[in-house]
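The structure appears right after this line, and notes come after that.
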Amino acid sequence: MNTSNIYNKHLNRELRNLIELGLDNGDNFVTIAKNINKKNNTISYEIKKHRVFSKGNHFNITDDSYLICSKLEKPPYVCNGCPSKKGCRKHKYFYRAKDAQEEYEYDLKDSRIGINMNIQEFKNLNKIVTTEIKNGHSFSMICMNHKDEFPVKKRSLYNYLEKGYLDIANIDLPRKVRYKKRTKHTDITIKNTKIRENRTYQDFVEYIEKNHIVNIVEMDTVEGIKGGSVLLTLLWRNSNFMLIFKLEKQTTECVTKKFEYIKNTLGNELFYKFFPVILTDNGKEFFNPDFIEDNGPEINKTRVFYCDPRASQQKGKIENNHEYIRRYFSKGKSFDQYEQDTFTLISNHINSTPRELFDGKTPYEVMSFFNPELVNYFNIQEIEKTKVVLNYKLLKQKKNDNSNIVIIQRNK
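For the sequence shown, the working numbering assigns the number 1027 to the initial residue and increments by one for each residue that follows.
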């Protein structure tokens, strides 16, 4: 066993070699952590941060979902110890100690040295960062959009901000000053409703494992003011792609009516293809699952499942994605005055935002890979990444009809 201090958070090349060896041998995180005298979550964080993507073999494959391996969503998150990796044609991730150490050393050096650029170069960086932050972009998004223009990573921008080098403050960042203490509920009660029978979260987990579903859709609503219009949101887990529909009221009738519109637009066959499984919460507006599930006698049935009460983390992707909507509308602001085209425009900008999770690809780009037909419906458009606006300025641009929106035309 390595005798390094468990509280020394910095890993070195020797320890990373042991992590790679453990993964190659098929050891779990507990065993690897014990061998190098570190905590389990240190191993998990290290692997997810430094794993390297390897594209699968597309030859003669017509179903793109075949290339996605569900095992990568669970520990160890990489293919090092997989016995089938040699002949596997799916997308892969690998952990390599050499690559991880080089990336760590770069980040460490970048965080400790001063500004490694001349005055004009830094002025250009400052101008780009300031402009995009005011459009609601995050440091992560800025680095992905301009990775060829300046050799600065996200951590360095945070360091420049803390040292006062940039013409912005913490309050300008989308998330940094908006965290609040989490409240703990102890009076959890389960609603005994017939609609939850065979539709619980445990039923969902078992169904997914048995049927290997790729298109899993999370569903929720976003409130404006009490009693007013709400937003119905639908998010595909494999791409973080989200559709937003306005509902006049937060009622079962309005949700049913909207799904009737979606089915009429897509047809039952495409509806099932895009919506084979839907996971939602226990809101009363979702208490008509039979209509959503019914695709006619000749098409497979869509399955609707419900999260456990007060367990929003079970559909955490859509909960996190709602944060983008709150950049345009703070809590308590009414949606009543806005038409559907406004929310479609907002969703187009959100879906055109590059994500670290996808190595700088946008939800639109990932969705175009998994479900290319879907982007032909509901006025979905791709926005140029540097022209994405993620705050209230987009609403002003639309109102004045003086937007700088740049729509990318692709062959659909």
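Don't be surprised by glycine CBs; every beta carbon is placed ideally from N, CA and C.
Fair warning: this is a prediction, and the values are worked out from it, not measured in the lab.
request  = Run the CB neighbour count on T1388, radius 10 Å, all protein chains shown included, and call it buried at 16 or more, exposed below.
outcome  = As a position in the sequence shown, residue 1388 is number 362, starting the count at 1. Counting Cβ neighbours within 10 Å, T1388 comes out buried, since at least 16 surround it.
request  = Taking T1291 as part of the beta strand (DSSP E), name the residues at either end of that continuous run.
outcome  = Counting from one through the sequence shown, the residue named residue 1291 turns up at place 265. Counted as a single uninterrupted DSSP element, the stretch harbouring T1291 is not any beta strand (DSSP E) but the alpha helix (DSSP H) occupying residues 1278 to 1292.
request  = Run the CB neighbour count on H1238, radius 10 Å, all protein chains shown included, and call it buried at 16 or more, exposed below.
outcome  = Here residue 1238 refers to the residue found at position 212 of the sequence shown. By the 10 Å Cβ count, H1238 comes out exposed.
inquiry  = Taking the alpha carbon of L1269 as the reference point, which residue from E1365, K1180, N1374, N1314 has its own alpha carbon closest?
reply    = On the sequence shown, residue 1269 is found 243 positions in, with the first residue counted as 1. When only C-alpha atoms are compared, the closest one is N1374.
key: Test item: CB-CB of N1067 and G1048 under 8 Å   = Translated into positions along the sequence shown, residue 1067 becomes position 41. Translated into positions along the sequence shown, residue 1048 becomes position 22. N1067 is not a Cβ neighbour of G1048, given a cutoff of 8 Å.
key: Cα-Cα separation between N1063 and K1111, rounded to whole angstroms   = To locate residue 1063, count along the sequence shown from 1; it is residue 37. To locate residue 1111, count along the sequence shown from 1; it is residue 85. Roughly 29 Å separates the two Cα atoms.
query = What three-state label does DSSP hand S1373 in the structure shown?
reply = Position 347 of the sequence shown, counting from 1, holds the residue named residue 1373. It is helical.
ask   = R1353: which of P1398, K1289, G1162 sits nearest, CA to CA?
value = As a working note, residue 1353 is residue 327 in the sequence shown. Checked all of P1398, K1289, G1162; the closest Cα to R1353 is G1162.
request  = State yes or no: is the C-beta of T1057 nearer than 7 Å to some heavy atom of the ligand HEM?
outcome  = Ligands in the displayed structure: none, and consequently the ligand HEM is not present.
ask   = If you draw a straight line from the alpha carbon of A1123 to that of P1102, how long is it in whole angstroms?
value = What you label residue 1123 is simply residue 97 of the sequence shown in a count that begins at 1. What you label residue 1102 is simply residue 76 of the sequence shown in a count that begins at 1. Near 15 Å, if we compare the C-alpha coordinates of P1102 and A1123.
message = If I follow the unbroken beta strand (DSSP E) through I1304, where does it start and stop?
response = For the purposes of this step, residue 1304 is taken as residue 278 along the sequence shown, with counting starting at 1. It spans 1303 to 1306 - the beta strand (DSSP E) in which I1304 sits, taken as one unbroken run.
ask   = If you draw a straight line from the C-alpha of Q1276 to the C-alpha of G1309, how long is it?
value = In the sequence shown, residue 1276 corresponds to position 250, counting from 1. In the sequence shown, residue 1309 corresponds to position 283, counting from 1. Distance between the alpha carbons of Q1276 and G1309: 9 Å.
ask   = Who are the near neighbours of I1406 in its chain, counting only those whose CB is closer than 7 Å to its CB and skipping five residues on each side?
value = Position 380 of the sequence shown, counting from 1, holds the residue named residue 1406. Cβ-Cβ distances below 7 Å link I1406 to N1374 in the same chain, with the five nearest sequence neighbours on each side left out; the list follows chain order.
inquiry  = With DSSP as the reference, identify every bridge partner of F1148, one or two as the case may be.
reply    = Counting from 1 along the sequence shown, the entry for residue 1148 is found at position 122. Looking at the DSSP assignment, F1148 forms no beta bridge with any residue, so it has no partner.
Those residues which DSSP pairs with V1401 across a bridge = If you number the sequence shown from 1, residue 1401 lands on position 375. When DSSP reads this structure, V1401 sits in no beta bridge, so it has no partner.
request  = Could you name the residues that DSSP lists as bridge partners for Y1119?
outcome  = Here residue 1119 corresponds to residue number 93 of the sequence shown, with the count starting at 1. Answer is F1079, bridged to Y1119.
message = By DSSP's criteria, L1260 is part of a beta bridge. Which residues make up the other side?
response = Translated into the one-based positions of the sequence shown, residue 1260 becomes position 234. Answer by DSSP bridge pairing, in chain order: M1245, L1269.
query = Would a C-beta distance cut-off of 8 Å place I1351 and L1257 closer than the cut-off?
reply = What you label residue 1351 is simply residue 325 of the sequence shown in a count that begins at 1. What you label residue 1257 is simply residue 231 of the sequence shown in a count that begins at 1. Using a Cβ distance threshold of 8 Å, I1351 and L1257 count as a contacting pair.
ask   = Should N1218 go down as buried or exposed, given a rule of 16 or more other Cβ atoms within 10 Å for buried?
value = Against the sequence shown, residue 1218 aligns to sequence position 192. Reliability fails at N1218, whose pLDDT of 48 lies under 50, so the model's placement of it is uncertain and the value that follows must be treated cautiously. Its Cβ having fewer than 16 others within 10 Å, N1218 is exposed.
inquiry  = For a quick check, are the C-beta atoms of M1393 and W1262 less than 8 Å apart?
reply    = Position 367 of the sequence shown, counting from 1, holds the residue named residue 1393. Position 236 of the sequence shown, counting from 1, holds the residue named residue 1262. With contacts defined by Cβ atoms closer than 8 Å, M1393 and W1262 form a contacting pair.
message = Whole angstroms are fine: how far does the CA of E1286 sit from the CA of F1230?
response = The residue given as residue 1230 occupies position 204 in the sequence shown. The residue given as residue 1286 occupies position 260 in the sequence shown. One C-alpha to the other measures close to 24 Å.
query = Apart from the five residues on each side of it in sequence, which residues of its chain come closer than 6 Å, Cβ to Cβ, to T1212?
reply = Position 186 of the sequence shown, counting from 1, holds the residue named residue 1212. Its pLDDT being 49, under 50, T1212 is placed unreliably by the model, and the measurement read from it follows with that caveat. If we look at T1212 and ignore the five residues flanking it on each side, it has no Cβ neighbours.
Secondary structure of I1409, DSSP reduced to three states = Start at 1 with the first residue of the sequence shown, and residue 1409 comes out as number 383. I1409: strand per DSSP, three-state reduction.
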